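For reference, the structure discussed in these notes is given below.
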Amino acid sequence: MIKQFLGDTRTGTMLLRCALALSCLAMTGCPHNVDVKLDETLPEVKTTTFTDAVADLGLMSEIYSDKKVRIMPKDILDNTGTSIATNAEVPRDITEMIKSTLNAVGGNVIFVPYDPAFMLNLYKVGFTDWGDKLVPTIVVSGGITEFDRGLETHGKNTDLSLDVDVKKINFGWEYSTLDKNSLASITLDFNVIDFLTNAGIPRVQAVNTIKVHKALAEDSLGFTIQGNTLGLKGTVKKIQGRHAAVRLLVQLSMIQLIGKYMALPYWKLLPDGKPDSLVLDKVSARFFDLDETRKVAKVQEYLAMYGYPVQINGSLDDSTQSALRDFRGKHPDASGNIDQATYLALFSNVPVSREALARRRAALAAATLQPGALQPAQAKAIPVAAPAPQTPAPPSKAPESSSLQFVALNTNQREYAIGDPLQVSFAVNAPMYVRLYNVSSTGEITQLLPGSGKSDQPVKAGQSYQLPSAGYSWDISGPAGTDKILAVGSADPFPRDIALVTRSGDFTKEAQERYNARAALAIRIR
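Under the numbering used here, the first residue of the sequence shown is numbered 311, with each subsequent residue one higher.
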């Protein structure tokens with residue numbers, strides 16, 4: 311019957327051919343047995359263009375400085391509101407990206423998390439003592455400030471079709487293509503705020519934009535026979551990840567912010583990075599604030615990091631001059647003299663490597679002082695006598711030549727901006743041991759003399775000493791506020807682990823009762 315029907319139908323032969331073609335297609339597999347194979351992949355560690363640069367920044371912070379900076383990020387959100395309107399095409403909250411980036415830096419950069427709910431819970435259970443908790447130096451604020459989806463849109467398409475009749479049988483052919491491209495832009499703004507004053511730090515900011523693309527391509531081909539269509543269609547759509555693009559912006563911005571704040575040549579870590587004028591201005595200002603001995607000592611410190619066999623002694627000796635000549639031959643920007651050009655060339659080209667860090671530490675450990683290296687550059691210090699102790703204590707017996715011991719204490723200035731060099735000078739009226747402390751406005755106590763791991767050493771009467779010594783630099787790192795410099799003198803070595811100052815910047819009761827040679831002054835950091 312089928313054969314008879316097909317033979318009696320004008321289009322029977324053509325329909326039979328179409329049916330056979332469709333049957334061949336169906337024979338590739340039973341529809342009920344359709345299956346798809348999933349591509350099972352292992353989890354991958356997230357790495358980006360700046361992953362290594364972030365880690366190298368931490369190493370750079372150790373190579374160029376001994377000071378630590380504690381950074382706390384605020385909640386960093388999408389300030390444009392488009393994350394909701396576009397169904398999270400950009401992330402709404404990028405705080406965790408900031409946290410993971412800061413924590414990945416390491417070195418002298420310490421990440422301090424900000425979690426108000428956690429802090430409030432600690433308060434509720436009575437655990438409010440700061441103890442060993444760290445107070446941030448600076449706070450990072452900012453967010454996604456721009457997301458322009460349709461900056462540019464380009465598209466083109468081609469449509470071809472053909473209809474023919476052969477022996478009253480209709481044949482059709484259609485072909486079409488579509489290509490569409492669009493460009494979007496995402497911008498992040500970040501600023502650095504001093505934790506204590508809640509004031510922004512001028513010029514320490516980062517504004518970065520990234521372009522992201524989206525493309526769509528579509529091809530279709532169709533055949534029609536007497537109203538029956540057989541067609542093929544292919545579509546591909548590619549989108550650059552918006553969230554991945556934001557992560558790149560976050561990493562780049564954190565590198566810039568930390569580099570600007572700590573005055574590091576961070577641009578060396580970035581593809582096609584260019585020197586930052588803010589950093590170079592800071593470094594130049596510090597160079598001009600040094601006296602001639604300290605300028606030579608700092609140049610020697612840099613030369614040692616390059617591997618030159620020089621000793622940090624503040625003297626322009628033969629080995630230092632030979633190293634400068636060799637350095638000038640390799641770096642045309644350097645003049646070979648102890649000047650700004652050579653200093654900036656040395657600063658900008660230090661190798662970012664563990665070897666350079668080890669050389670710096672070894673050179674500083676072996677640093678020696680010339681006879682005049684400890685003489686203060688400023689006016690003579692004014693003696694400040696401490697009040698007589700209320701309870702006399704025999705352990706701290708004054709020398710026969712004086713019924714009252716005192717320490718004269720002074721600094722090179724009374725008000726500092728962040729990044730300014732701090733110099734402390736002191737003198738004593740009798741041979742004694744001296745301990746020197748800095749207490750920050752946040753209660754952090756730093757022992758300035760003797761240095762970490764060093765034992766008490768006696769100082770001579772009538773001689774003025776300046777700290778830090780040649781080859782070292784103390785640069786104000788914040789936070790803003792009022793710091794205190796305190797000195798305590800003793801005729802005998804201090805007992806082991808004795809506490810002489812408090813977190814509030816006062817002398818302990820034991821220091822007041824045992825030692826009458828005390829001095830204190832306040833400095834303002836803005």
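Where is the CB? At the ideal position from N, CA and C, for every residue including glycine.
Because the structure is a prediction, the values reported are computed rather than measured.
Count the other CB atoms within 10 Å of the CB of residue i; is the residue buried (16 or more) or exposed (fewer)?
i, result
"K608", "buried"
"A666", "buried"
"I394", "exposed"
"K478", "exposed"
"E725", "exposed"
"A871", "Since the first and last residues shown for the chain are 311 and 836, residue 871 lies out of range."
"G383", "Reading off the sequence shown, one finds Pro at residue 383, where the question assumed Gly. With 16 or more Cβ atoms within 10 Å of its Cβ, P383 is classed as buried."
"A740", "buried"
"N397", "exposed"
"E611", "buried"
"Q767", "exposed"
"S751", "buried"
"D504", "buried"
"N508", "exposed"
"A554", "exposed"
"A363", "buried"
"G815", "buried"
"I833", "buried"
"V769", "buried"
"L600", "buried"
Rounded C-beta distance between residue i and residue j? I'm assuming under 8 angstroms.
i, j, result
"L493", "K521", "6 angstroms"
"D415", "P446", "The sequence given here has Val at residue 415, not Asp. Not really, about 15 angstroms apart at Cβ, beyond 8 angstroms."
"I448", "G788", "7 angstroms"
"I386", "V556", "Rounded, the Cβ-Cβ distance is 10 angstroms, inconsistent with contact."
"A827", "G799", "3 angstroms"
"N431", "H464", "That belief does not hold up - the Cβ atoms of N431 and H464 are roughly 53 angstroms apart, past 8 angstroms."
"V260", "F457", "Summary: the structure shown does not reach residue 260, with the chain confined to residues 311 through 836, and so no result is reported for it."
"I855", "V606", "With the chain covering 311 to 836 only, the question about residue 855 has no answer from this structure."
"L558", "T358", "6 angstroms"
"L369", "G417", "6 angstroms"
"R380", "I420", "5 angstroms"
For residue i, which option in the options has the closest C-alpha, if you only look at C-alpha atoms?
i, options, result
"P661", "G624, K578, F598", "K578"
"Q715", "I454, Y825, L759, R671", "Y825"
"Q631", "L613, P642, D643, K640", "L613"
"G583", "K356, M572, S563, H523", "S563"
"D388", "L444, S451, V346, D349", "S451"
"I565", "N413, A727, P512", "N413"
"P778", "L732, V560, K443", "L732"
"G761", "A790, A675, S371", "A675"
"E754", "K347, G368, T359, K378", "K378"
"V593", "L470, A525, F657, D345", "F657"
"T818", "T359, I835, V749, L758", "V749"
"S663", "S751, E372, D489, T359", "E372"
"V734", "E484, S751, K794, P619", "K794"
"Q650", "D504, A790, E602, I622", "E602"
"T721", "I381, S774, L558, G453", "S774"
"Y743", "D802, A718, Q757, S625", "D802"
"P512", "L758, A727, R402, T756", "A727"
"D366", "D807, V435, P575, A809", "P575"
"T361", "S629, P581, Q723, L444", "P581"
"R806", "L444, G763, L531, R552", "G763"
Residues in the same chain with beta-carbon distance under 6 angstroms from residue i, minus the five sequence neighbours each way, listed in chain order, please.
i, result
"L796", "Y747, V811, A830"
"V514", "V502, K570, Y571"
"T468", "T487"
"R669", "A614, M615"
"G544", "D529"
"T455", "N389, T497, D499"
"I622", "A607, Q610, E611, A673, A677, G781"
"Q837", "Outside the shown range of the chain (311 to 836) lies residue 837, about which nothing can therefore be said."
"G482", "D473, T534"
"K690", "In this prediction, K690 scores a pLDDT of 30, lower than 50, which makes its location untrustworthy; the coordinate-derived value is nonetheless stated afterwards. Excluding residues within five positions, none has a Cβ falling inside 6 angstroms."
I'd like the list of long-range same chain contacts for residue i, defined as Cβ closer than 7 angstroms, with 5 residues on each side in sequence excluded.
i, result
"A672", "none"
"V355", "none"
"Y653", "F597, V609"
"A573", "V589, K592, V593, G729"
"G617", "R669"
Under 8 angstroms Cβ to Cβ from residue i, same chain only, skipping five residues before and after it: list those, please.
i, result
"V560", "I404, M407, I408, T411, L498"
"A655", "F637, H641, D643, A644"
"G646", "L634, R635, F637, R638, T652"
Would you please verify whether the beta carbon of residue i is less than 7 angstroms from any beta carbon of chain C?
i, result
"S629", "Protein chain content of the structure displayed is limited to a single chain, and chain C is not contained in it."
Beta strand (DSSP E) segments (min. 3 residues) lying fully within the stretch 710-779: 717-721, 734-738, 742-749, 755-759, 775-777
Complete alpha helix (DSSP H) runs within the stretch 350-392 (minimum length 4 residues, chain order): 361-374
Ranges of the alpha helix (DSSP H) found wholly within the stretch 538-623, counting only runs of at least 4: 552-572, 587-599, 602-616
Every unbroken alpha helix (DSSP H) inside the stretch 422-488 [4 residues or more]: 426-434
Alpha helix (DSSP H) segments (min. 4 residues) lying fully within the stretch 799-834: 819-824
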